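There are 2 protein chains.
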Amino acid sequence: MSLKPRIDAAVSRAIAHGQGRAQGPGGEAVPQKLASALHYATTPGGARIRPTILLSVALACGDDRPDVSDAAAAALELIHCASLVHDDLPCFDDAALRRGKPSVHRAYGEPLAVLTGDSLIILAFEVLARTGTVDAARAAQLVLTLAQRTGMPGGICAGQGWESEDKIDLAAYHRSKTGALFTAATQMGAIAAGQEAEPWFELGDRIGAAFQVADDLRDALCDVSELGKPVGQDDLHGRPNAVAELGVDGAMSRLKDILGGAIASIPSCPGEAALAQMVTLTAQKIIPQAAVAAARG
Amino acid sequence: MSLKPRIDAAVSRAIAHGQGRAQGPGGEAVPQKLASALHYATTPGGARIRPTILLSVALACGDDRPDVSDAAAAALELIHCASLVHDDLPCFDDAALRRGKPSVHRAYGEPLAVLTGDSLIILAFEVLARTGTVDAARAAQLVLTLAQRTGMPGGICAGQGWESEDKIDLAAYHRSKTGALFTAATQMGAIAAGQEAEPWFELGDRIGAAFQVADDLRDALCDVSELGKPVGQDDLHGRPNAVAELGVDGAMSRLKDILGGAIASIPSCPGEAALAQMVTLTAQKIIPQAAVAAARG
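First to last, the protein sequences are chains A and B. Letter by letter, the first sequence follows residues 26 to 322 in our numbering. Letter by letter, the second sequence follows residues 26 to 322 in our numbering.
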């Protein structure tokens with residue numbers, strides 16, 4: 026069963042709050058362009074891979090408080106969307122396209138793009154905090170985990186920050202830039218279902234590493250119509266890339282090794298088998314077809 | 026007794042976490058420029074007016090969990106500093122100076138300025154969430170209140186967002202752009218000390234309104250050496266201003282009315298008298314001397 030409708034509904038409820046629509050009519054006036062940009066930046070949903078992993082882990086752990094899991098999934102996706110909006114800004118990638126449509130700063134201008142990213146980050150924490158009335162301990166732990174994987178010194182902000190350093194620590198760079206939101210996904214899924222976060226680190230870490238290699242393959246091989254954003258960005262910006270280091274075959278082989286390890290790392294839980302299947306399905310989604318063809322050829 | 030040393034220590038501990046120094050040596054590598062920018066953006070401290078109000082309310086309510094109050098004060102100041110960093114960006118005010126030194130994007134470049142603002146926002150929520158081990162319910166409530174006053178639809182992001190609208194709702198604009206962090210201050214102070222937030226709204230709201238008028242006076246009358254940032258920005262950007270509307274005398278008179286109402290609104294609590302004194306002291310700090318002289322002359 027696809028989790029996407031559940032995730033899209035949770036994201037949509039969160040955005041309604043951010044737009045002041047959830048509070049009902051008659052409230053304070055809201056700046057409409059920024060309100061509209063919040064929706065624009067979070068739709069269409071794409072694969073929603075991170076919240077899918079989060080909910081899959083929560084379900085594997087029993088999902089005893091679905092409202093808390095929904096909030097966690099929405100919060101994680103909001104952070105991911107915020108990072109895309111800010112990474113696309115002229116001072117970073119200066120991307121014209123995202124998910125096949127103009128990037129937020131192209132559609133709404135740079136001031137509203139900065140504010141859209143800021144607002145989505147804040148909304149993510151608000152969504153989590155609102156579950157405090159259901160279970161304050163889980164809410165606080167979810168906020169802490171998401172913050173640690175998003176900010177400094179080890180979250181996606183740190184990852185982006187590495188690109189301004191003269192000398193990049195590659196392991197720290199990949200772990201924070203790409204890996205952090207995958208460890209957030211597995212750990213927040215466990216927390217949302219009342220389980221310890223720590224045993225779920227390795228699964229997220231390995232999925233993140235696989236995703237990084239898959240992203241490198243996509244960046245090196247796919248054309249703009251498949252990707253919906255400019256390709257060859259790594260080469261253009263001189264960023265490190267697994268394909269440059271290992272070639273296409275080597276990168277594909279590394280990716281398969283990592284995914285095998287990911288499945289082996291799944292902690293013992295009621296939904297272990299279904300979760301292993303989800304990891305395999307996610308892998309099929311993230312490996313670009315051009316890379317499969319190139320590795321065969 | 027000045028609360029500034031207590032606030033500065035709390036902010037400094039928060040920044041140490043964000044820089045990866047609080048976790049001790051031997052941890053993961055950290056991008057050093059971004060780590061340095063976090064410190065740069067939060068020092069020198071300035072008047073720390075918002076966290077002073079927060080701690081004053083917490084003390085008036087008994088301050089039974091000083092660690093939680095400290096975290097709340099630090100979080101609020103981090104959000105304020107983050108907003109200054111992003112507001113100074115070229116796409117907004119393009120400010121060269123802040124607190125008498127180059128703005129973050131002038132000192133570190135635009136990419137790191139965007140990331141510094143993002144990281145400070147996230148760190149604020151992390152600092153609050155970490156108090157969850159002491160009192161999860163207060164932690165979750167603090168995150169919720171701070172998020173509501175920072176993001177969309179009614180926080181400082183909304184305030185900044187109004188400046189991109191063709192038609193500005195002035196009441197909503199001022200309340201969100203300037204007032205929101207003052208209501209956050211009084212309400213978070215109450216929550217940190219285990220009290221209801223709602224009765225503390227009016228005090229924060231009135232201090233915020235007073236601050237807005239004082240800021241308009243400063244912007245209209247002071248020179249760059251007193252302010253440490255470019256003056257006449259409102260006039261330059263065509264933003265609404267109480268001095269333009271009422272003149273200097275009229276604005277001074279409105280400011281005094283608002284402050285009188287603020288003191289009258291203080292809820293009954295053990296430290297009521299001391300809190301009234303703090304509001305008076307804060308007023309003396311925020312009213313620019315040039316406006317006092319102009320109103321006399």
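Just so it is clear, CB atoms sit at the ideal spot from N, CA and C, and this is done for glycine as well. For clarity, every value in this text was computed on a predicted model and none was experimentally measured.
- Of all residues in the region 119-130 of chain A, none places a beta-carbon less than 8 Å from a beta-carbon of chain B.
- Taking 8 Å as the upper bound on Cβ-Cβ separation, chain A lies near residues Pro56, Gln57, Lys58, Leu59, Ala60, Leu63 of the region 56-72 of chain B.
- Between Gly186 of chain A and the set B:Ala234, B:Gly233, B:Gly186, B:Gln44, the nearest pair of CA atoms involves B:Gln44.
- Unbroken alpha helix (DSSP H) stretches of 4 residues or longer found wholly inside the region 115-196 of chain A: 129-133, 135-155, 161-175, 181-187, given in chain order.
- Between the C-alpha atoms of Ala318 of chain A and Asp274 of chain A there is a straight-line separation of about 10 Å.
- Relative to the Cα of Leu145 of chain B, the nearest Cα in the group B:Lys29, B:Arg38, B:Ile288 belongs to B:Arg38.
- A contact between stretches requires three or more CB pairs, one per stretch, nearer than 8 Å, and the region 180-198 of chain B fails this requirement with the region 141-156 of chain B.
- In the three-state reduction of the DSSP assignment, Val317 of chain B falls in the helix class, which pools H, G and I.
- Inter-segment contact for the region 82-91 of chain A and the region 290-308 of chain A is present: three or more beta-carbon pairs are separated by less than 8 Å.
- With at least 16 other beta carbons inside 10 angstroms of its own, Ser94 of chain A counts as buried.
- Neighbours of Gly49 of chain B in chain A, taken as residues at a C-beta separation under 9 Å, are lacking, since the least C-beta distance is about 12 Å.
- Ranked by Cα distance from Arg73 of chain B, the options B:Ala83, B:Val55, B:His105, B:Tyr65 are led by B:His105.
- At a Cβ-Cβ threshold of 9 Å, Ile78 of chain A and Gly179 of chain A do not count as neighbours.
- By the neighbour-count definition (other C-beta atoms within 10 Å, threshold 16), Gly184 of chain A is a buried residue.
- Between Ala154 of chain B and chain A, the shortest Cβ-Cβ separation is below 9 Å.
- If the five residues before and after Asp230 of chain B are omitted, its C-beta is found closer than 8 Å to the C-beta atoms of Arg200, Gly204, Phe207, Thr208, all from its own chain and listed in chain order.
- Around the C-beta of Glu151 of chain B, 16 or more other C-beta atoms lie within 10 Å, and the residue is accordingly described as buried.
- Here Arg90 of chain B carries a coil assignment [DSSP, helix/strand/coil].
- For a cut-off of 8 Å, the C-beta gap from Ala162 of chain B to Gly157 of chain A is around 7 Å, short enough to register as a contact.
- Residue nearest to Gln173 of chain B within the set A:Ala149, A:Cys182, A:Ala172, A:Val238 is A:Ala149 (criterion: CA-CA distance).
- Under the Cβ criterion of 9 Å, Asp89 of chain B is not counted among the residues facing chain A.
- Chain order gives the chain A residues near Ile146 of chain B as Asp143, Ile146, Ile147, where near means a beta carbon separation below 7 Å.
- When the beta-carbon positions are compared, Tyr133 of chain A and Ser81 of chain A stay at least 9 Å from each other.
- Taking C-beta atoms as the reference points, Pro69 of chain B and Arg124 of chain B count as a pair closer than 9 Å.
- Between Val304 of chain B and Leu228 of chain B, the gap from beta carbon to beta carbon is short of 9 Å.
- Taking the Cβ atoms as the reference, Ala47 of chain B lies roughly 4 Å from Ala41 of chain B, within the contact range of under 8 Å.
- With respect to chain B, the C-beta atom of Phe226 of chain A has no partner C-beta closer than 9 Å.
- Comparing alpha-carbon positions, the option among B:Pro91, B:Ala97, B:Ala98, B:Tyr65 lying closest to Leu109 of chain B turns out to be B:Tyr65.
- The beta carbon of Leu306 of chain B sits closer than 7 Å to no other beta carbon from its chain once the five residues preceding and following it are set aside.
- With respect to chain A, the C-beta atom of Met303 of chain B has no partner C-beta closer than 9 Å.
- For Glu270 of chain A, the uninterrupted alpha helix (DSSP H) run begins and ends at 267-289, by DSSP.
- CA-to-CA, the gap between Ala54 of chain A and Asp92 of chain B works out to about 36 Å.
- DSSP places Pro76 of chain B within a helical segment (H, G or I) once states are collapsed to three.
- For Cys106 of chain B, the secondary structure class from DSSP, reduced to helix, strand or coil, is helix.
- At the C-beta level, Ile181 of chain B and Ala210 of chain B stay beyond 9 Å of one another.
- A straight line joining the alpha-carbon of Ala308 of chain B with that of Gly49 of chain A spans about 37 Å.
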